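Quick note: the sequence shown uses our numbering, first residue 5, plus one each step.
The beta carbon of each residue, even a glycine, is placed where N, CA and C say it ideally should be.
In this text the structure is predicted, and so the values were computed from the model without any measurement.
See structure below.
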Amino acid sequence: MANEDIEIRITKNGEIFVKIQGASEERLNSYRQFLEEQIGPIQGATRIDQPDWEKPAELAEDAEEKRKREQELER
5 MANEDIEIRI
15 TKNGEIFVKI
25 QGASEERLNS
35 YRQFLEEQIG
45 PIQGATRIDQ
55 PDWEKPAELA
65 EDAEEKRKRE
75 QELER
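And the structure:
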């Protein structure tokens, strides 16, 4: 099993930010389920993929939107 790096920050107004690196998709889903069971529904999530050495990192959401736009332009 790869090493996982987990960072949890709680703001003064009660927002909780969780950063997880090095976890598989299955483990991320397990963490999400655990957190929802313990503290309630997750209001938002942002996934940032680690970059290849040749290109910069991009938000997974941005990559998905870009792919959809490219598909629409091909039609």
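- DSSP, reduced to helix, strand and coil, places E40 within a helical segment of the structure shown.
- Between the alpha carbons of V22 and R31 lies a gap of roughly 14 angstroms.
- According to the DSSP assignment, I12 belongs to the beta strand (DSSP E) that extends over D9 to I14.
- For D9, the closest of S28, I20 and T15 by C-alpha to C-alpha distance is S28.
- For I24, the enclosing beta strand (DSSP E) starts and ends at I20 to Q25.
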